[in-house]
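Q:
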Amino acid sequence: MTIRWQSALALGAAVATGVVASTTGGAPRTDVQISVAPQQLSVVGLPCFPGTLNLTMTNTGSEDRYADLTLDPSGPLQLSREVFSSWLPAVDPDQPVSAPVEVRVPRDTAPGKYSLDLEVDRSELTVPVTVNPLPPKGPGDNLALGEQASASSTHGNFALCGAVDGDSDSEHWDTLTGWNDGTRAAFPDRYDVALAEPSTINRVELYTLDSVKYPAPANGLRDWDVQVRDGTGDWQTVAQVRGNTAGHVTSTFTPTQATAVRILCLAGNGNTYSRIVELEVYGS
Ligand SMILES: [Ca+2]
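Structure representation (structure tokens):
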């Protein structure tokens with residue numbers, strides 16, 4: 152059931168990209184076209200599971216100009232930006248300018264249909280946003296999925312939340328579905344996930360980079376400690392992995408009450424970076 156839910160999420164994140172023609176809304180002059188990809192979005196009320204839209208403005212007119220693309224969310228939608236401003240030179244061929252916006256909703260958001268209105272001048276575009284039900288977090292479910300991650304550093308080309316996005320496939324590595332630290336050849340690094348509520352856990356599944364192009368013996372995580380945070384805020388080591396060359400490692404330990412889980416990364420194969428494609432946490 153968990154797998155099915157994750158697959159659905161992966162599909163939701165892969166909604167076909169495309170360009171939506173702007174509407175003029177009766178404006179006498181509209182020389183900035185707006186587009187968005189994907190054309191619709193699915194999100195869920197988890198703290199580390201943002202939906203991302205890519206916004207694009209294109210000056211189709213003959214004069215250089217400055218433009219403000221405003222974003223107007225409905226209901227509970229929270230945005231990483233509410234305006235996208237850019238200088239748009241008039242050039243031939245037209246030069247699109249793009250920027251991302253992250254869309255989140257609170258955990259208690261009612262599932263349903265919402266929307267995000269984009270506007271430049273009188274050119275408007277509406278993006279439908281579907282809020283899906285929260286995933287189950289009972290016995291047998293991955294307690295780390297979409298929960299708040301934090302890290303000692305994150306490489307600029309990667310996403311902090313990529314290691315709790317439900318996608319453990321290393322072949323998707325270059326589409327930001329994993330965490331890569333930002334301090335090359337310097338260890339330790341740490342990657343933490345705060346659980347939604349204190350939980351008794353006894354197993355951590357770690358997927359490090361192991362693809363055809365980037366095999367684990369040269370690119371994966373080699374040495375790490377699995378640590379859990381107890382109710383007093385102290386961290387204790389519950390498992391250790393050394394000399395790893397596999398893409399997927401299961402660590403089991405005595406059932407332990409935890410408010411958060413940390414991977415303390417001590418060394419990587421190739422002595423470059425710490426890379427986690429997915430971190431999963433389970434109770435007994
Ligand atoms: Ca992932």
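If you want our numbering, it's the 1-based position in the sequence shown plus 151. Where a beta carbon is used, it is the ideal one built from N, C-alpha and C, also for glycine.
1. Do three or more CB pairs link the stretch 307–323 to the stretch 251–268 at distances below 8 Å?
2. Alpha carbon to alpha carbon, how far is Thr207 from Thr174? Give it in angstroms, no decimals.
3. Between Val344 and ligand 1, is the CB less than 8 Å from at least one heavy atom?
4. Determine the closest residue to Ala409 out of Thr403, Gln378, Ile427 and Leu430, with distance taken between C-alpha atoms.
5. Please return the same chain residues whose Cβ sits closer than 6 Å to the Cβ of Ala300, not counting the five positions on each side in sequence.
6. Return the chain-ordered list of same chain residues with a C-beta closer than 7 Å to the C-beta of Asn293, the five sequence neighbours on each side being excluded.
7. Taking all protein chains shown into account, do 16 or more other C-beta atoms lie within 10 angstroms of the C-beta of Gln184, making it buried, or fewer, making it exposed?
8. Roughly how many angstroms lie between the CA atoms of Val195 and Asn205, to the nearest whole one?
9. Indicate the three-state DSSP secondary structure (helix, strand or coil) for His306 in the structure shown.
10. Give me the residue from Asp182, Asp215 and His399 with the minimum Cα distance to Ser319.
11. Measuring straight from C-alpha to C-alpha, what distance separates Ala369 and Asn331?
A: Here's the rundown:
1. The stretch 307–323 vs the stretch 251–268: no contact.
2. For Thr174, the predicted model reports a pLDDT of 45, less than 50, meaning its position is unreliable and no value from the coordinates is stated.
3. False, no ligand heavy atom lies under 8 Å from that Cβ.
4. The residue with the shortest Cα to Cα distance from Ala409 is Gln378.
5. Cys199, Leu311, Cys312, Val315 and Val344.
6. Hits under 7 Å: Thr153, Glu431, Val432 and Tyr433.
7. Within a 10 Å sphere around the beta-carbon of Gln184 sit 16 or more other beta-carbons, which makes this residue buried.
8. If I take the Cα positions, the gap works out to 18 Å.
9. It is coil, neither helix nor strand.
10. Selection Asp182, Asp215 and His399 evaluated against Ser319 yields His399 as nearest (Cα-Cα).
11. So the alpha carbons of these two residues sit roughly 15 Å apart.
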